[in-house]
Each structure stands twice: as structure tokens, then as C-alpha cells.
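Down below is the structure, laid out as C-alpha cells.
2 protein chains.
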Amino acid sequence: MDVIVGGGVVGLSLAWRLAREGRPVTLVDPAPASGASHAAAGMLAPVSEVTYTEVPLLRLGVASLRRWPAFAAELAADAGLPGPEALDLRSEGTLDVAFAADDLAALDELAAYLERLELPVQRLTGRECRRLEPMLAPSVRGGLLAAGDSWVDPRRVTAALLAALDRRGVQLVRARAGELLRDGGQVTGVRLEPPGGDGRPAELRAERVILAAGAWSAGLAEVPVRPVKGQIMRLRSPQPLLTRCVRGTVHGTPVYLVPRGDGELVVGATQEEMGFDTRVTAGGLYELLRDARELVPGVTELEVSEVVAGLRPGTPDNLPLIGPSGTPGLALATGHHRGGVLLAPLTADILLGEEGELAAMCSPGRFRDIS
Amino acid sequence: MDVIVGGGVVGLSLAWRLAREGRPVTLVDPAPASGASHAAAGMLAPVSEVTYTEVPLLRLGVASLRRWPAFAAELAADAGLPGPEALDLRSEGTLDVAFAADDLAALDELAAYLERLELPVQRLTGRECRRLEPMLAPSVRGGLLAAGDSWVDPRRVTAALLAALDRRGVQLVRARAGELLRDGGQVTGVRLEPPGGDGRPAELRAERVILAAGAWSAGLAEVPVRPVKGQIMRLRSPQPLLTRCVRGTVHGTPVYLVPRGDGELVVGATQEEMGFDTRVTAGGLYELLRDARELVPGVTELEVSEVVAGLRPGTPDNLPLIGPSGTPGLALATGHHRGGVLLAPLTADILLGEEGELAAMCSPGRFRDIS
């Protein structure tokens with residue numbers, strides 16, 4: 001039996017895909033779908049979020065984005081939902097906008113760079129941007145449309161995954177995995193905390209433990225994963241202000257706005273190296289509000305419905321750790337940093353045995369001393 | 001019997017003072033201490049908040065501030081608290097700071113004006129301000145110390161009032177007063193909503209109804225009271241950042257910071273004419289954060305523990321309506337706008353029969369058509 005530690009979007013997706021293959025699986029999490037996946041905006045935007053140094057991450061993202069429509073359709077069917085639109089999966093693209101001459105030049109370079117990677121995007125004037133998104137600030141001077149980029153509501157995805165697991169009879173143990181059980185050099189299960197209680201066993205034995213505990217992974221095994229704090233805000237609008245994702249760089253920090261069909265507008269996100277700190281701070285909230293106003297002045301009138309901080313699992317090279325750990329009995333599916341939602345379908349495929357260059361890029365073997 | 005409609009700081013104070021005098025009193029409110037009194041910062045700062053056109057309001061405020069120490073001491077004793085410090089009543093004064101030359105000149109004028117009113121204040125240089133409050137922004141160029149101004153925690157005050165009412169056996173009816181009962185030209189009680197239920201009577205008969213329903217008063221009688229929305233924020237600090245109240249004008253809007261002994265820092269408040277709208281908005285929150293950062297940059301690191309909007313009961317001349325309404329059986333204690341906490345002791349004295357110039361200033365008779 002596989003035991004998956006961690007009930008975020010990655011762990012839940014894995015449990016669901018393993019169960020679909022008929023493999024026995026148990027998932028352990030004291031509060032599934034309450035961490036980074038609950039905070040996340042759900043951008044599936046590998047192209048518009050690319051940076052020059054991260055071509056491998058771009059390739060992983062593009063490969064996983066291609067898997068999303070089928071993943072969503074199968075998940076919706078398995079969860080008993082009418083269709084993938086119940087997950088708010090949308091593909092109107094991301095519009096990356098610029099205010100200053102410097103930023104415009106950077107968009108030109110980025111467009112040329114993406115063309116060379118055979119990922120065509122469309123350069124737009126400020127007027128063309130506002131034709132697409134009339135609520136954009138008049139000061140927007142140009143943009144880049146990544147027409148293939150998509151987004152989804154992560155809360156609907158994790159709710160659907162929990163429903164699908166339930167329908168397939170997967171055991172969900174609502175407890176904390178306190179430590180890995182080891183026998184010689186082999187991982188043989190997990191010890192639960194608190195032990196026993198509620199008729200629960202104190203230990204779960206497993207042929208394989210898959211560590212999908214996100215930012216908390218380093219508490220269970222020697223993995224190079226650290227928490228990267230993100231503060232994110234949800235606004236409520238009577239009708240949607242935007243028809244697609246909009247991102248831009250304001251005062252040197254990137255900000256994005258993700259519109260939902262029901263009028264919710266997600267504004268994210270800070271990136272802070274603060275350890276296990278999930279406080280919403282005056283400074284973080286100030287930056288989100290300031291930058292969102294700069295992009296779309298009309299947000300001023302919207303209600304602030306939620307502000308939350310989550311912890312992304314960062315790795316030294318910003319690539320996830322997926323596959324056998326090197327320690328017998330222990331596999332990894334962690335370190336997804338900002339890409340947990342985007343990379344969930346690909347992660348499951350790799351854990352289910354997909355090989356090749358993409359799997360190799362994510363191999364934990366690239367780091368030493370994992371155990 | 002008196003029936004008081006409204007369980008904010010004004011209605012609760014009245015009920016307590018009437019009960020202390022041995023008069024039978026019942027208070028009606030579906031959710032006492034949950035409206036403007038719950039949102040309020042609790043500044044007792046008539047001097048630093050003065051504006052040139054509002055000398056009557058200044059005089060009311062100064063008179064009520066003088067009553068606060070005795071009010072707090074008696075309330076604490078009656079509520080079974082160890083002493084008035086349990087209400088966080090503090091009197092270190094308010095520091096009004098200025099950034100620009102214009103603002104400095106305005107402080108000079110204000111100081112001269114207050115001297116003429118025999119309310120001496122102290123003009124300080126920027127350096128003197130920072131000596132008093134080291135966390136102030138380096139850009140603060142001068143200030144005005146109103147040494148007599150005080151502040152209190154309104155939530156502790158209303159909790160103490162509820163405890164004191166309970167100890168004195170005052171009946172608290174947790175229902176909404178739907179309308180006033182009238183017999184000919186006379187008010188004879190209130191009709192409760194929903195009627196009956198929980199063994200509650202559908203009506204309460206009264207010799208006198210005292211309307212203390214704040215922003216909701218105009219729903220029960222013809223009084224010139226309107227809601228003035230205020231958004232206010234609470235930050236949490238490991239230790240207090242300030243030792244006294246600090247206020248200033250940033251980008252043309254006044255902002256104040258009120259420190260509590262436990263490290264809480266209250267930042268307020270917007271003033272918006274939005275009707276009965278209690279949404280926390282992106283624009284309101286943005287202004288509070290921006291202005292607080294401008295005054296005290298260190299707030300950036302603090303946790304945002306609460307954001308709430310309340311509705312102040314505004315009147316055409318910014319003075320409260322206290323006393324007989326002109327309609328037999330109906331008295332008023334409403335329209336306190338930004339001064340409910342400050343003016344609560346004076347309001348009770350006037351309703352208990354204090355006469356003279358202060359009572360005359362608050363007389364509802366100054367407006368026509370109250371009924």
C-alpha cells in the first residue's frame with residue numbers, strides 16, 4: 001500500500017490518480033486542502049510567468065498545462081460534477097502589462113525570447129490592452145498576451161478531489177504524520193500524532209511513503225524544501241471586472257489579478273522568506289492593495305472578502321522534487337513552490353511511472369543527501 | 001419605566017446610570033455593543049480633534065472628558081473590576097504631527113487658537129516629537145501635544161457596562177425595536193421584532209422611550225441622523241509601538257493611531273457617506289495602511305488582526321441630540337457621530353436632568369419636525 005503524506009492539491013491528485021489505477025492508497029493530513037492550495041490563486045500560466053533562467057520550469061509548466069483539460073474532465077466526472085466548468089477552469093489567457101519604457105522594452109525582449117522557444121505570444125499597445133480589458137489603468141502603455149495560459153479555482157479542485165477520493169473509497173486519515181518509520185535503511189510507514197485516540201492506529205505501515213507535505217516536508221525527511229510565505233487577498237465584485245488574468249510589475253514587485261466567474265477577484269501574492277510565519281501583515285496587505293489599484297483602479301470600490309497567508313514549498317533551483325528519493329520505500333512529490341496547482345497533473349504522471357526528460361528534471365537525485 | 005432603544009456605549013451608559021439612580025429601566029438591542037461602539041478606537045481627544053467651526057462640540061467634549069475619570073472609576077467598581085485601569089483608560093495625551101510646511105503653519109495657528117480658548121497645548125519640533133515617540137517617521141517636522149487628551153478601550157467599556165447592568169438586574173431584551181408605539185400624540189413603548197418568540201412579549205410599554213439607536217435612529221422616529229461609514233483596522237504588536245495617541249493629516253485625510261497596553265494598535269478611520277454599507281473595501285483599507293505607514297513606518301511588520309466598518313450617527317451640525325424630543329414620552333440620546341465614547345458620561349448627566357448651556361446645545365429642539 002502507498003501512504004501519501006499531505007493533502008494539498010499535489011497529494012490529493014496523486015491519491016486520486018493512484019486510486020483510479022486500482023492501487024491501494026491512504027492519505028494522511030490533519031486538515032486537507034487548508035494550506036498553500038487553499039491560499040493559491042490557481043494561475044496555470046507557465047508562459048506569462050517565465051523568467052529567462054528557468055527554461056526547465058517553463059517546460060514542465062507547459063507540459064502540465066497541456067494535461068489540465070483532460071485532468072479536469074476526468075476529475076469532474078469522478079467527483080460527480082456536471083463538467084470541468086464546475087472547477088472554473090478557464091483559458092482566456094494572461095495579459096502581462098507594462099507602465100514604463102523599461103518595462104515595455106522588457107516585454108519586447110520577452111516576446112522575442114518566447115518566439116524562439118516556439119511559444120508565440122502577442123505584443124499589444126496600451127490601447128489594445130484596454131480594448132481587451134477596459135478596466136485597466138489608463139497608464140498601461142503596452143502588454144503581452146499569452147493566449148494559451150489558463151487558470152482554475154484551486155478550492156473547487158481540492159473539493160472535487162476530496163469528493164472523488166470519497167467516491168472511490170480512499171482512506172483519509174485526519175492526523176499528523178509525526179515521523180517516518182524506518183527499518184534499517186528502508187522507510188516502512190509513518191507514525192501518527194497524536195498516537196491512537198479516536199480508535200486510530202498509532203502507525204501506518206506502507207510499501208511506499210510518498211511525501212507530499214509541501215513546506216512541511218523537511219520536518220519528515222532530509223529534503224531541501226523551505227517555506228516561502230505568500231500573502232494573498234480576495235475581493236468581491238458584483239460582476240467580474242476582468243475577463244482574463246492580468247499581471248504586471250509595480251514598484252519592482254510582480255502582482256497578478258485572477259477573476260472568477262462569480263465576481264471574486266484574487267490578488268496575489270507576496271514572496272517572503274520568513275520561515276513558518278503565516279501572519280497577514282500591514283506591509284504585505286499594503287503592497288497588494290497598492291499594486292492592484294495601480295493595475296486596475298476600479299478595485300478601490302470592491303469589498304475585501306479575505307486575506308490569507310500560505311507557505312509555498314521552495315527548493316534551491318525552483319524545480320519540484322518528484323520520484324524515488326534514493327531511500328527505499330520513500331518517494332517525493334514536493335517542492336512545487338509557486339506551481340503546485342499547475343504541476344499537479346504532471347506530478348501524478350511522473351509518480352505513476354512516466355519517464356523521460358521531464359521526469360529526469362524533477363528527480364530528487366539531483367540533490368545529494370536526501371534521506 | 002424607561003425603555004432605552006440601543007445598546008451601544010451611549011444606551012448602555014444611560015441604562016447603567018438610570019439603574020444606579022434606582023429608576024426602573026429596560027434596554028432593547030438585538031446585539032448589544034456590536035455596532036459603532038465595537039468599531040470605535042476610543043479616543044477621548046476633544047482638543048486635538050477640534051476644528052475651527054466646532055467650538056460647541058469642543059466644549060461638550062472637554063466637559064465630558066472631565067467626567068471620564070469618575071465615570072470609569074464608578075463603572076469599574078460597579079462591574080466588579082479591580083479598577084478603572086481595567087478599561088485601559090489612559091491620559092498620556094495626543095500628539096498631532098505635521099509633515100509639510102503648510103501643515104506646520106496650521107499647527108501654529110491651531111496652537112494659538114487653543115491658547116485663546118484657554119486650552120493650552122505644546123508646540124514641538126520634529127526632534128521633540130521623535131523624542132516622545134521614537135517610532136515616528138523621520139519626515140515628521142513638528143507636532144502639537146494635547147497633554148490632557150485621553151483614550152479608553154471601548155470594548156472593555158461596553159463589556160463593563162453589560163456586567164454592571166447584569167449585577168444591577170437591569171432587563172436586557174435581545175430583540176429589535178421594530179417601531180415606536182404611539183397613542184395619540186404620545187409615545188407609549190416599542191413593538192419588538194420578531195414579535196413574541198422565546199416567550200418574549202411582542203411589545204414593551206414605557207413611560208419614556210429613550211432612542212439611543214445611533215445610525216439606525218431615523219428608522220424609528222423623524223430625527224436628522226444619517227450613517228457615516230468608518231473603516232478601522234487593528235494591528236497586533238509584540239510590544240506597544242507608541243506611548244500615546246498619534247494623529248496626522250496624510251494626503252489630505254486625517255489618520256490616527258491608538259495604542260493599547262497589550263500591543264494592539266488601532267488605526268482609523270475613514271469617513272464615508274455610503275448609507276447603510278458596512279463593507280470593508282480595498283480603497284478604505286489601502287488608505288488606512290498607506291497613512292499609518294507614513295506616520296509610523298514600523299507598522300509594516302505588524303500583523304493585521306482585524307478590519308471592520310462601523311456606522312456613526314451623523315447630524316447636520318455634528319452635535320448630538322440629547323433630551324426630550326418634543327413628542328411626549330420620547331427622549332433622544334443619539335447623533336453622537338464620532339463622539340459616542342467621549343460624550344457618553346455627559347449624555348447620561350443631561351438625560352438625568354443636568355441643565356444649562358451644555359444641555360441646551362444638545363437639545364433636539366434646535367431642529368424642527370422631530371416626532
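Protein chains in written order, with the UniProt record's numbering: chain A, 1 to 371; chain B, 1 to 371.
A virtual CB, placed ideally from N, CA and C, is assigned to each residue, including glycine.
Quantities reported herein were computed from a predicted structural model and do not represent experimental measurements.
So, does the CB of residue i fall closer than 9 Å to a CB anywhere in chain A?
| i | result |
| --- | --- |
| B/Y286 | yes |
| B/R116 | no |
| B/R59 | no |
| B/R279 | yes |
Quick check: is the beta carbon of residue i nearer than 9 Å to any beta carbon in chain B?
| i | result |
| --- | --- |
| A/A282 | yes |
Rank the options by C-alpha distance to the C-alpha of residue i and give the top, closest one.
| i | options | result |
| --- | --- | --- |
| B/S150 | B/R368, B/L342 and B/A359 | B/L342 |
| A/A348 | A/L75, A/E118, A/V190 and A/E272 | A/L75 |
| A/A105 | A/E115, A/A86, A/R141 and A/F276 | A/R141 |
| B/V97 | B/E357, B/L144 and B/L18 | B/L144 |
| A/E354 | A/G275, A/P120, A/A63 and A/L235 | A/A63 |
| B/P324 | B/D317, B/L352 and B/G339 | B/L352 |
| A/R208 | A/R279, A/R20 and A/L330 | A/L330 |
| A/M361 | A/L27, A/W16, A/G7 and A/P56 | A/P56 |
| A/A147 | A/A45, A/L162 and A/E222 | A/A45 |
| A/D153 | A/R90, A/D166 and A/A100 | A/R90 |
| B/Y256 | B/L289, B/I350 and B/V170 | B/L289 |
| A/E133 | A/D369, A/L295, A/V9 and A/A70 | A/L295 |
| A/R234 | A/A40, A/L18 and A/N318 | A/A40 |
| A/E303 | A/L321, A/G314, A/P238 and A/G326 | A/P238 |
| B/G314 | B/V267, B/T26, B/G340 and B/D183 | B/G340 |
| A/L311 | A/L18, A/H38 and A/A19 | A/H38 |
| B/D317 | B/T26, B/T51, B/R156 and B/W16 | B/T51 |
| A/L180 | A/E222, A/F99, A/D291 and A/R127 | A/E222 |
| B/D291 | B/V308, B/R236 and B/T253 | B/T253 |
How many Å lie between residue i and residue j at the Cα?
| i | j | result |
| --- | --- | --- |
| A/F367 | A/A218 | 14 Å |
| A/L81 | A/G22 | 21 Å |
| A/A112 | B/Y286 | 37 Å |
| A/V250 | A/R244 | 19 Å |
| A/E301 | B/A282 | 6 Å |
| A/L265 | B/A215 | 31 Å |
| A/A359 | A/A31 | 29 Å |
| A/H337 | A/S48 | 17 Å |
| B/A177 | B/A269 | 29 Å |
| B/V28 | B/A202 | 12 Å |
| A/P364 | A/L332 | 7 Å |
| A/D166 | A/I4 | 15 Å |
| B/E118 | B/E357 | 18 Å |
| B/G42 | B/A137 | 24 Å |
| B/E272 | A/L107 | 40 Å |
| B/R67 | B/I350 | 12 Å |
| B/L204 | B/G230 | 32 Å |
| A/T334 | A/G35 | 13 Å |
| B/L241 | B/R260 | 10 Å |
| A/P120 | A/L110 | 10 Å |
| A/L319 | A/R59 | 11 Å |
| B/Q122 | B/P345 | 27 Å |
| B/V228 | B/L321 | 16 Å |
| B/Q186 | B/M1 | 15 Å |
| A/G211 | A/A101 | Reading off the sequence, residue 211 of chain A comes out as Leu, not Gly. Cα to Cα, the separation comes out at about 46 Å. |
| B/G93 | B/G184 | 51 Å |
Along chain B, which residues have their Cβ under 9 Å away from the Cβ of residue i?
| i | result |
| --- | --- |
| A/R234 | Going along chain B, no residue has its Cβ under 9 Å from A/R234, so there is no contact; the nearest lies around 11 Å. |
Since residue i meets chain A, which of its residues come closer than 7 Å, beta carbon to beta carbon?
| i | result |
| --- | --- |
| B/L289 | A282, L285, Y286 and L289 |
Strictly below 8 Å CB to CB, what residues from chain B border residue i?
| i | result |
| --- | --- |
| A/A292 | A282 |
Does residue i have its Cβ less than 9 Å from a Cβ in chain E?
| i | result |
| --- | --- |
| A/R131 | Within the model displayed, chain E is absent; protein chains A and B are what it includes. |
Report yes if the C-beta of residue i is less than 8 Å from at least one heavy atom of the ligand GDP; otherwise report no.
| i | result |
| --- | --- |
| A/L265 | Looking at this structure, you won't find the ligand GDP or any other ligand, since it has none at all. |
Contact set between the stretch 298-312 of chain A and chain B, restricted to residues whose Cβ is under 8 Å from the partner: V299, T300, E301, L302, E303, V304 and V307
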